[in-house]
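**Q** Sharing a structure below in structure tokens format, with a few things to ask.
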Amino acid sequence: MRLKICGIQSGGFSNVYTVINLDEMRPYCLKENRALPGDERKKNERLAVEAEISLRLGRSPNLVTTYAALSYKSRLLILTEYLSATSLDLRLKKGSLSLKMALSFGVQLAGALLSAQKILPGFVHGDIKPGNCFTTSKGTLKLGDFGLASADGIRFRDPNPKNEYSVGSSDTSIGWGGTAGYMAPEMFDKTKPDRSNADIYAFGVTLFEMLCGTRPFTAASKEEIIEMHRHSEPPMHLLALKGVPQPVMDLVERCLSKSLAERSSNFEWVENTLRQTLRDQFDFSVPIDPIPELNDKEIVRRAISFAGLGNSQEAVECLDNAIRLRGRTAEMIASKAVALTLGARTDAAYEASTSALMTHADSFVVFLAHSRVLIAGGDLDNAEEYLLKALLVQPNNCVALNLIGRLCLQTKQYGEAARYFNRSRILDATQTETWEGIAITNLAEGRIEKAITSFQKAISLDPRRSELHKLLGDAYRANNQPVEAIKSYKTSLKLAPLSKGTDRRLVRSFIGLYQRNGHSVNVRLARMLIRGTRIFTNNFGTSSDDFVIHFITVLRESNFNPLLLFFFDSSLAEVADGLNARVSQKLAEMLRIVFERCSSTVVPAYVLDSLGQILY
């Protein structure tokens, strides 16, 4: 899929691009999380939950449709339908809605949430507000932005539960998630709340605003608004002054109840009440737009997206359902084979890819899928044969060139691997996988300087991919550059704390550097190095104070060796804010001694950088 960016809008946590699919000449929206340095992994995990929920919701008249979840440069992206529409909050800023329009939008919003609850049991949107509702010139409303959504069995969970509760100044980053002006009272509690009835409250605030032109609770400060949500009764007289019918006023009052028991998490009664009022007041029924079916390409994208998100079973069911309804096509069967491969169901994948070959024996897509299945099953010789067949059909396809290059690396055919990767590089020099393959080939054949240069090129294209930083660290170690190796391993661990083997590489590299500088490593220091790595990767296993106390002991035993700061800088920076006053003061005293020693002797610049990172 070739996408061209035509515009961009930035939200609180994301960028949304307007893009054109050049193969279809069709507009879409493309969403990415605006990850700050160091939190890319967590934001990708959060976006993956949003992607799975929105994909499983499928197509609905009043929900924004998600077509695919794409991975680009280690960042997850969500492809959604393009809406030439205005957000409801912008529409409200121009003036209040008519009663008929407010009720119509209320019916559609309730219908959207009811539909979501039926498709996904336990569904909670988590951020219902006019800013996440989009209205068209035809009077259609669609609910979007599922960034805080959850459902039974599908929810983002922060490894550190403390991070889930926010006390930030932003109106959109508070409590247990949501926007302060629309959040249910329980969402501001310190203890984790039951979210199941929070949507009905936010719906009530939104409906009140549509009917009245203003939210029920407004104040100069966020703190005042929170207190009003917790303790103030909604000003129902404002709705009466607007001529809102009594059944709707009763509905709003029930939605805005402080008591969870008096609210209902089911939107069926809401939709029915609003529909009945529209019929009684205006003899009007909200039309239900027909939902166009997904085409074959959209079904395949949706299925591969599920597989890429780790839900291969959903991907297979999606394709099986399409095959049952539409008939067998080679592309769908081949896509099923890929999904089964990603789910480690190799035998079933082989059966599917063989079936695809029998359906269409000359298809590039089928050859590529079959080769992937064979690679997963360890049949590398036959995999190479089918990749060569794929290249006969499309000789300039970079995906096939990179895949056969990877296969040659597995079989240690480094010359052949280099040839395929270089062909791919000539066609498109912006591919991370190509430069990674070239770098691994150079490293395997002892061209270490060239390997380092190629890894650096790959990282410049995809700086968030932890594996590249780990491999660059390996190249630096092979080139006897321990300082650079340590820096690369630290970056890798920061991006992916659970990266297999990187922690051991980091410790071994530091021990080598420490011993090279004439210092000995005892058991206590070795244990501290391991504990420091666990702190750095958020796998504490000990309190921050306890860790720092042990670090101070090791620092004293090493006669305040400043080299230790180079290893422990990230770990100490990680725990600094959580120390009690006594331990924090003791650490500051020890660092002051180290700083004085650094001032009186020649110390490498990287050690001074580490000291600055800890202190500031």
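With numbering that gives the first Met the number 0, the residue at position 492 of the sequence shown is 491, and numbering never jumps. Beta carbons: idealized from backbone N, C-alpha and C, even for Gly. The model shown is predicted, which means the values in this text are computed figures rather than measured ones.
#1: At what residues does the beta strand (DSSP E) containing PHE81 begin and finish?
#2: In the DSSP assignment, the beta strand (DSSP E) including PHE133 goes from what residue to what residue?
#3: According to DSSP, simplified to helix, strand and coil, what is ASN395?
#4: Can you give me the Cβ contacts of TRP268 inside the same chain, cut-off strictly under 7 angstroms, excluding the 5 residues immediately before and after it?
#5: Whose C-alpha, out of TYR385, GLU448 and LEU402, is nearest the C-alpha of ALA474?
#6: With a Cβ-Cβ cutoff of 8 angstroms, do GLY146 and GLU49 count as a contact?
#7: Taking the DSSP output, what are the residues bridged to GLU232?
#8: Do you know how far the Cα of ASP346 is from the Cα of PHE202?
#9: I need the DSSP call for GLU223, collapsed to helix, strand or coil.
#10: By DSSP, does THR65 sit in helix, in strand, or in coil?
#11: Using 8 angstroms as the threshold, is the C-beta distance between SER13 and ARG463 below it?
#12: Indicate whether LEU586 and ILE551 have their beta-carbon atoms separated by less than 8 angstroms.
#13: Look up LEU467 in the DSSP assignment and give the residues it is bridged to.
#14: Which stretch, first to last residue, makes up the alpha helix (DSSP H) that contains VAL204?
#15: From this set, LEU98, GLN393, GLY436 and ASP380, which residue's C-alpha is nearest ASN401's C-alpha?
#16: For LEU293, decide whether its Cβ has a neighbour in chain D, counting only Cβ atoms nearer than 8 angstroms.
#17: Give the straight-line distance between the Cα atoms of GLY6 and PHE363, rounded to the nearest whole angstrom.
#18: From THR490, GLU483, LEU471 and GLU252, pick the residue whose C-alpha is nearest to that of THR452; which is it?
#19: Do the segment 209-228 and the segment 283-297 meet, that is, are 3 or more Cβ pairs less than 8 angstroms apart?
#20: Alpha carbon to alpha carbon, what distance is there between VAL398 and GLU270?
#21: Hey, how far is the Cα of ASP619 from the Cα of CYS317?
#22: Give the DSSP-derived three-state secondary structure of VAL285 in the structure shown.
#23: Of all the options THR328, LEU367 and ILE303, which has the alpha carbon lying nearest to the alpha carbon of LEU341?
#24: What did DSSP end up calling LEU308 once you bin it into helix, strand or coil?
#25: Going by DSSP, which residues form a beta bridge with ALA150?
#26: For ASN32, which residues does DSSP report across the bridge?
#27: Find the nearest neighbour of GLY105 within the set VAL315, LEU237, CYS254 and LYS469, judged by alpha-carbon distance.
#28: Do you know how far the Cα of VAL15 is from the Cα of LEU2?
#29: How long is the line joining the alpha carbons of ILE19 and LEU75, rounded to whole angstroms?
#30: Taking just the CA atoms, how far does GLY500 sit from ASP288?
#31: For GLN455, which residues does DSSP report across the bridge?
#32: For LEU390, which residues in the same chain have their Cβ closer than 8 angstroms to its Cβ, ignoring the five residues on either side in sequence?
#33: Which same chain residues end up closer than 6 angstroms to ARG325 when comparing Cβ atoms and leaving out the 5 residues on each side of it in sequence?
#34: Check the DSSP bridge columns for GLN430 and list the partner residues they point to.
#35: Would the beta-carbon of ARG229 fall within 8 angstroms of that of PRO184?
#36: If we count the other Cβ atoms within 10 Å of its Cβ and call it buried at 16 or more, is GLN584 buried or exposed?
**A** In brief:
#1: Taking the sequence shown and counting its residues from 1, one reaches residue 81 at position 82. According to the sequence displayed, residue 81 carries Tyr and not Phe. Careful: TYR81 lies outside any beta strand (DSSP E) and carries neither H nor E.
#2: Counting from 1 along the sequence shown, the entry for residue 133 is found at position 134. Note, PHE133: beta strand (DSSP E), 132-134.
#3: As a working note, residue 395 is residue 396 in the sequence shown. If DSSP states are grouped into helix, strand and coil, ASN395 belongs with coil.
#4: On the sequence shown, residue 268 is found 269 positions in, with the first residue counted as 1. There are no such residues.
#5: As a first step, residue 474 is located in the sequence shown; it is residue number 475 there, counting from the start. The candidate whose alpha carbon is nearest that of ALA474 is GLU448.
#6: Looking up residue 146 in the sequence shown gives position 147. Looking up residue 49 in the sequence shown gives position 50. In this structure, GLU49 lies closer than 8 angstroms to GLY146 by Cβ.
#7: In the sequence shown, residue 232 corresponds to position 233, counting from 1. Paired residue(s): none; GLU232 is not in a bridge.
#8: Counting from 1 along the sequence shown, the entry for residue 202 is found at position 203. Counting from 1 along the sequence shown, the entry for residue 346 is found at position 347. One C-alpha to the other measures close to 48 angstroms.
#9: Along the sequence shown, read from residue 1 onward, the residue named residue 223 stands at position 224. In the structure shown, GLU223 sits in a helix (DSSP, three-state: H, G or I).
#10: Residue 65 sits at position 66 when you count from the first residue of the sequence shown. The answer is strand: DSSP assigns THR65 an E or B state.
#11: One-based indexing of the sequence shown puts residue 13 at position 14. One-based indexing of the sequence shown puts residue 463 at position 464. Result no, Cβ atoms of SER13 and ARG463 do not sit closer than 8 angstroms.
#12: Within the sequence shown, numbered from 1, the residue matching residue 586 stands at position 587. Within the sequence shown, numbered from 1, the residue matching residue 551 stands at position 552. Closer than 8 angstroms, so yes.
#13: Counted from its first residue, the sequence shown places residue 467 at position 468. For LEU467, which the question treats as bridged, DSSP gives no partner whatsoever.
#14: Looking up residue 204 in the sequence shown gives position 205. Here the alpha helix (DSSP H) through VAL204 covers 197-211.
#15: Reading the sequence shown from its first residue, position 402 is the one you call residue 401. Closest option to ASN401, Cα to Cα, is GLY436.
#16: Of the protein chains in the structure, only one exists, and it is not chain D.
#17: Residue 6 sits at position 7 when you count from the first residue of the sequence shown. Residue 363 sits at position 364 when you count from the first residue of the sequence shown. About 34 angstroms.
#18: The sequence position of residue 452 within the sequence shown is 453, counting from 1. Comparing Cα-Cα distances from THR452 to each of THR490, GLU483, LEU471 and GLU252, the minimum goes to LEU471.
#19: no
#20: Stepping through the sequence shown from its first residue, residue 270 is reached at position 271. Stepping through the sequence shown from its first residue, residue 398 is reached at position 399. One C-alpha to the other measures close to 49 angstroms.
#21: Residue numbering for the chain in the displayed model covers 0 to 615; residue 619 lies beyond these limits and cannot be assessed.
#22: Here residue 285 is taken as the residue at index 286 of the sequence shown, counted from 1. Three-state DSSP puts VAL285 in coil, outside helix and strand.
#23: To locate residue 341, count along the sequence shown from 1; it is residue 342. The option with the nearest alpha carbon to LEU341 is ILE303.
#24: The count along the sequence shown starts at 1 and reaches residue 308 at position 309. DSSP places LEU308 in coil when its eight states are reduced to three.
#25: Stepping through the sequence shown from its first residue, residue 150 is reached at position 151. Paired residues: ILE153.
#26: The residue you call residue 32 lines up with position 33 of the sequence shown. According to DSSP, which records beta bridges pairwise, ASN32 is partnered with SER13.
#27: Here residue 105 refers to the residue found at position 106 of the sequence shown. Checked all of VAL315, LEU237, CYS254 and LYS469; the closest Cα to GLY105 is CYS254.
#28: As a first step, residue 2 is located in the sequence shown; it is residue number 3 there, counting from the start. As a first step, residue 15 is located in the sequence shown; it is residue number 16 there, counting from the start. Near 14 angstroms, if we compare the C-alpha coordinates of VAL15 and LEU2.
#29: Looking up residue 19 in the sequence shown gives position 20. Looking up residue 75 in the sequence shown gives position 76. Straight-line Cα distance between these residues: approximately 18 angstroms.
#30: Translated into positions along the sequence shown, residue 288 becomes position 289. Translated into positions along the sequence shown, residue 500 becomes position 501. Near 54 angstroms, if we compare the C-alpha coordinates of GLY500 and ASP288.
#31: Start at 1 with the first residue of the sequence shown, and residue 455 comes out as number 456. Per DSSP, none; premise fails for GLN455.
#32: Here residue 390 refers to the residue found at position 391 when the sequence shown is read from its first residue. Taken in chain order, the residues that qualify are ASN396, ALA399, LEU400 and ILE403.
#33: Numbered from 1 along the sequence shown, position 326 holds the residue referred to as residue 325. Cβ neighbours of ARG325 beyond the five flanking positions: none.
#34: Start at 1 with the first residue of the sequence shown, and residue 430 comes out as number 431. Paired residue(s): none; GLN430 is not in a bridge.
#35: For this step, residue 229 is matched to residue 230 along the sequence shown. For this step, residue 184 is matched to residue 185 along the sequence shown. Contact: yes.
#36: Here residue 584 corresponds to residue number 585 of the sequence shown, with the count starting at 1. GLN584 should be labelled exposed.
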